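As structure tokens, the structure follows; a few thoughts come after it.
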Amino acid sequence: MIVTCIINVRAKATRKPFGVNRTRATAPLDILHTDVVGPLEVNTWDGFRYFVTVLDDYTHFSATFLLRGKNESEDHSEHEDNTDSTDEFEDASGEGDANGEQDLSSPENVPQDTITAEERNPEGHEEQKSAQDGQREPEVRSKRTIKKPNKLKDYILENEIDNLLDTALLTYREAVTGNDQAKWATAIEEEKQALEKNNTWTLVDKSCASGKKILSSRWVLKIKEDGRYKARLVVRGYQQIQGVDFEETYSPVVGSDALRTILALTAKNGYMTKKFDIKTAFLYGFLEEDIYMTLPEGYETNGKISKLHRALYGLKQAPERWNHRFVEFLKNQGLTPLKTDHCVFVNSDRSLFLAIYVDDGILIGVDETKMNKVLENLKKEFEMTSTNNPTSFLGMEIESGEGYVKITQGTYTRRVLEKFGMQDSKPTPTPLVGYKDPKAIPDQVIDYPYREAVGCLLYLATKTRPDISFAVGYCSRHMENPTQQDVANVKRIMRYLKGTPDYGITYSKKSYSELEVFTDSDFAGDPANTKSTSGYVIYFCGGPISWRSRKQPITATSSTEAEFISAAEACKELMYLKSLIGELTNANVNSTMLIDNQSTICLVKTGIMNRKRKHIDVKYHFLKEKFDEKLMSIKYCPTDQQIADILTKPLGPNKFNEFKSKLVN
Numbered sequence: 244m245i246v247t248c249i250i251n252v253r254a255k256a257t258r259k260p261f262g263v264n265r266t267r268a269t270a271p272l273d274i275l276h277t278d279v280v281g282p283l284e285v286n287t288w289d290g291f292r293y294f295v296t297v298l299d300d301y302t303h304f305s306a307t308f309l310l311r312g313k314n315e316s317e318d319h320s321e322h323e324d325n326t327d328s329t330d331e332f333e334d335a336s337g338e339g340d341a342n343g344e345q346d347l348s349s350p351e352n353v354p355q356d357t358i359t360a361e362e363r364n365p366e367g368h369e370e371q372k373s374a375q376d377g378q379r380e381p382e383v384r385s386k387r388t389i390k391k392p393n394k395l396k397d398y399i400l401e402n403e404i405d406n407l408l409d410t411a412l413l414t415y416r417e418a419v420t421g422n423d424q425a426k427w428a429t430a431i432e433e434e435k436q437a438l439e440k441n442n443t444w445t446l447v448d449k450s451c452a453s454g455k456k457i458l459s460s461r462w463v464l465k466i467k468e469d470g471r472y473k474a475r476l477v478v479r480g481y482q483q484i485q486g487v488d489f490e491e492t493y494s495p496v497v498g499s500d501a502l503r504t505i506l507a508l509t510a511k512n513g514y515m516t517k518k519f520d521i522k523t524a525f526l527y528g529f530l531e532e533d534i535y536m537t538l539p540e541g542y543e544t545n546g547k548i549s550k551l552h553r554a555l556y557g558l559k560q561a562p563e564r565w566n567h568r569f570v571e572f573l574k575n576q577g578l579t580p581l582k583t584d585h586c587v588f589v590n591s592d593r594s595l596f597l598a599i600y601v602d603d604g605i606l607i608g609v610d611e612t613k614m615n616k617v618l619e620n621l622k623k624e625f626e627m628t629s630t631n632n633p634t635s636f637l638g639m640e641i642e643s644g645e646g647y648v649k650i651t652q653g654t655y656t657r658r659v660l661e662k663f664g665m666q667d668s669k670p671t672p673t674p675l676v677g678y679k680d681p682k683a684i685p686d687q688v689i690d691y692p693y694r695e696a697v698g699c700l701l702y703l704a705t706k707t708r709p710d711i712s713f714a715v716g717y718c719s720r721h722m723e724n725p726t727q728q729d730v731a732n733v734k735r736i737m738r739y740l741k742g743t744p745d746y747g748i749t750y751s752k753k754s755y756s757e758l759e760v761f762t763d764s765d766f767a768g769d770p771a772n773t774k775s776t777s778g779y780v781i782y783f784c785g786g787p788i789s790w791r792s793r794k795q796p797i798t799a800t801s802s803t804e805a806e807f808i809s810a811a812e813a814c815k816e817l818m819y820l821k822s823l824i825g826e827l828t829n830a831n832v833n834s835t836m837l838i839d840n841q842s843t844i845c846l847v848k849t850g851i852m853n854r855k856r857k858h859i860d861v862k863y864h865f866l867k868e869k870f871d872e873k874l875m876s877i878k879y880c881p882t883d884q885q886i887a888d889i890l891t892k893p894l895g896p897n898k899f900n901e902f903k904s905k906l907v908n
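The opening residue of the sequence shown carries number 244 in my numbering; numbering runs sequentially from there.
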């Protein structure tokens, strides 16, 4: 039974916008949309009765300012403004001022004309209206009720849909009437044929959907990086109701650690590799629910609607339905998913591995006949393409030769440098020189896409570049209020990458084929909060298959405790990798943990607690349990040979380069 809160619906009701035919900004702060709300029926405790929302048209960054009166709103409005023409901006004349700034007013009481600013108001206002309708108003309102953090709203999107380098069209009509209408017509027809081939829906009368929500749909039109015109019909899945239109939505993908482990085994055993890509993968998923949808422009329906049979793109359950279909097919082919990673499959004699990431897969094995048989069966069931001896997979470049496999991200690295204007920068020998001053005052405005830059670097740090893990992790601690020093740190990482774009991880047949774990910590190293940083790296077949640099969640009171916590975290990952390799090879692999703190080694081996250690959280004693079960051995590693040191603190050029050469090359 669905219960609808009438008060909530009434409070959140808004008028539809007039349309998208308007001038768009071409740079940050070119056009600001503003809207003033008030007077509020209940003031804040210090007398504020209004608030103004300001939205940047280009980045969609928004800010909310509290006001005591409407006349204060002008103080928060600059450049070209699109505002309601009420008296809060009574000086707006529509003419440019001496600074070239212009006010563009919309009619009074027509908020849908400035919907971009108006739509930001409900976050701070509709909850108040709901409370006002549903219960007695408080005598004094808290500022936090109005001015709440816009953490997710204020993230600047890497690919804002209106500014995709002119590669996106917002509407179907623009596509079929513009200069490239012939190319778009071809792309749209290809999508229609794919939908028809998969029997995606059946046209039915609207009466068939009695009591059911009818979803709407739209065309998504985009020019791909390779110049292809791509059209995709998607359903507006946000209109679905959980428990009615869908249940499960989760769909797993192969983990980076598992993928690197498989590639290490490829180098060790001389396996062959093949890559495949399944087209329109989601359309192969069968729906279990009755879902109805209206078709978009370009279809003649004669008043009918479509009943979906396949998991169309945009549906909440589409990824889960596709994954279910693909897994069932592989099981029928004799391939079983691993317990340690449900997106890695093996055959009965462990001579063939398959890993899948949504619709991209890699096939690895020693018997090419078996591999080709699997690909043939896949092609009979799904429309797909395949490649022998692939040179790339999931954004990683793969170089393979006699007894080795090397993975890099040179192309992606250069694209990141170009994206942020660092392609001609001067290289640096290290990615980070030290911690920033904890007393540094955050700048009010940082004209730099900090979050976006850190996100791009994080992708590198977690895939093929453990040498920048600590530096990127440290920068990610300052996402909320970055300073100029934080921006300088990000740029330094990029300058370091400028000198090492093609560095990557190499796995070798001749290398040691046991698991080696280097683990370390930097006790109270962060001057901002005196917390320690854990770092570990796990080697297999000559290269790292797993690593991590992380600020510890608790404040360690001694170096022994900090090292113990770091080793416990490494132990959890080690147990996972032992199980993974065991499932892949049907063999037990030996493992050794190397620690540079004798006191920690003694604590693990003896378990003796004293007044300085008895408070250590019981969850970290998982480490001693696995040692007692003889699932690993522990050895002392001299500090000057502790590779994990590079993951815990900024190092000087000499020591950094020494450890870097053992991680990437």
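Glycine included, every Cβ here is placed at the ideal spot set by N, Cα and C.
The model shown is predicted, which means the values in this text are computed figures rather than measured ones.
Suppose the cutoff is 8 Å on Cβ atoms and the five residues either side in sequence are ignored; what does the same chain contact list for residue i look like?
i, result
"residue 627", "519, 520, 521, 522 and 621"
"residue 582", "822 and 826"
"residue 913", "The structure shown does not extend to residue 913, since the chain spans only 244 to 908, so no value can be given for it."
For a test of the three-state rule: what should DSSP assign to residue i, helix, strand or coil?
i, result
"residue 428", "helix"
"residue 473", "strand"
"residue 619", "helix"
"residue 562", "helix"
"residue 497", "coil"
"residue 421", "coil"
"residue 900", "helix"
"residue 461", "strand"
"residue 448", "coil"
"residue 578", "coil"
"residue 906", "helix"
"residue 479", "coil"
"residue 591", "coil"
"residue 748", "strand"
"residue 229", "Residue 229 lies beyond the stretch modelled for the chain, which goes from 244 to 908, so this question has no answer here."
"residue 414", "coil"
"residue 689", "coil"
"residue 792", "strand"
"residue 504", "helix"
Since I believe residue j is in contact with residue i (beta carbons under 8 Å), could you give me their beta-carbon distance rounded to a whole number of angstroms?
i, j, result
"residue 765", "residue 775", "6 Å"
"residue 504", "residue 788", "5 Å"
"residue 446", "residue 547", "4 Å"
"residue 770", "residue 678", "5 Å"
"residue 601", "residue 524", "7 Å"
"residue 552", "residue 443", "6 Å"
Which two residues bound the contiguous beta strand (DSSP E) that contains residue i?
i, result
"residue 278", "274 to 280"
"residue 596", "595 to 600"
"residue 631", "627 to 631"
"residue 644", "639 to 644"
"residue 515", "515 to 521"
"residue 550", "548 to 551"
"residue 662", "Segment 653 to 662 is the alpha helix (DSSP H) holding residue 662; no beta strand (DSSP E) there."
"residue 764", "758 to 765"
"residue 299", "293 to 299"
"residue 668", "Per DSSP, residue 668 belongs to no beta strand (DSSP E) and is neither H nor E."
"residue 835", "834 to 838"
"residue 607", "603 to 608"
"residue 308", "305 to 310"
Over what stretch of residues does the alpha helix (DSSP H) that includes residue i continue unbroken?
i, result
"residue 737", "727 to 742"
"residue 818", "802 to 828"
"residue 705", "693 to 706"
"residue 714", "712 to 719"
Tell me which same chain residues have a C-beta within less than 6 Å of the C-beta of residue i, skipping the five on either side of it?
i, result
"residue 888", "763"
"residue 902", "886 and 889"
"residue 495", "585 and 586"
Counting only the same chain and skipping the five closest in sequence on each side, list residues whose C-beta sits under 7 Å from that of residue i.
i, result
"residue 654", "640"
"residue 859", "804 and 807"
"residue 908", "746 and 749"
"residue 559", "480, 483, 489 and 492"
"residue 875", "817, 834, 835, 836 and 869"
"residue 537", "457, 459, 460 and 548"
*Where are the beta strand (DSSP E) runs, 3 residues long or more, that stay fully inside the stretch 845 to 894, in chain order?*
876 to 879
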